[in-house]
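Only one structure is covered here, and it is reproduced in the block below.
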Amino acid sequence: MNALSIRFQSRRNSSRQIGERMERETSKRRAQLAQSVRAISSIQSAIAKGEPNRRTNERWKNAAVRAGELLDAGGYLRLPEVLALIPVSASTWWEGCRSGRFPKGVKIGPRCTAWRAAVIRQLLQDLESGSIDGDKA
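Okay, structure coming up:
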């Protein structure tokens with residue numbers, strides 16, 4: 601083999617490796633999305649039944665109840681209410697807000713952010729229907 605054929609072969613291998621890596625990441629994101637949708641539907645059914653979320657802390661139990669009420673009535677949800685509906689950690693939620701995966705909040709004070717109930721309701725519906733692809737959620 602000469603130097604040109606070796607260079608061409610390494611580029612072809614590199615392209616194949618990139619394609620394989622992208623395929624693995626896509627399937628991983630699809631699996632994460634499916635897991636999130638299953639978790640959201642179980643949380644929503646628990647809230648509809650008046651059961652608290654998986655968190656045992658009294659603050660989180662109250663947040664789950666308030667979240668269900670606010671989603672029906674409208675208004676704003678603070679972080680505990682949002683996390684009672686969407687099964688992610690606080691740091692994952694904030695990273696998703698920064699990256700655009702989740703909706704940006706509304707600053708209602710210097711250290712206070714809230715999300716419109718209508719926007720969160722739409723996010724839950726999109727997650728359930730699967731209209732959000734793996735890159736968005």
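Going by the numbering used here, the first residue of the sequence shown is number 601, and it counts up by one from there.
We put the beta carbon where it would ideally sit given N, CA and C, even for glycine.
Small disclaimer: the values here were computed from a predicted structure and weren't measured.
Do LEU670 and ALA717 have their C-beta atoms closer together than 7 Å?
-> The answer is yes: Cβ separation under 7 Å.
Excluding five sequence neighbours on each side, which residues of the same chain lie with their C-beta closer than 8 Å to the C-beta of GLU728?
-> Within the same chain, GLU728 has close Cβ partners VAL637, ILE640, SER641.
Can you grab the Cα-Cα spacing for the pair GLY675 / TRP693, in whole Å?
-> The straight-line gap from Cα to Cα measures roughly 20 Å.
Short Cβ contact (7 Å threshold) for PRO687 with ALA663 | With respect to ALA663, PRO687 sits apart: the two C-beta atoms are not nearer than 7 Å.
Per DSSP, cross-strand counterpart(s) of TRP715 = LEU677, per the DSSP bridge assignment.
Compute the beta-carbon to beta-carbon distance between CYS697 and LYS704, rounded to the nearest angstrom, for a pair I have assumed lies under 8 Å.
-> Yes, CYS697 and LYS704 are in contact; Cβ-Cβ is about 6 Å, under 8 Å.
Buried or exposed: where does ILE720 fall if 16 or more other Cβ atoms within 10 Å of its Cβ makes it buried?
-> Per the 10 Å Cβ criterion, buried.
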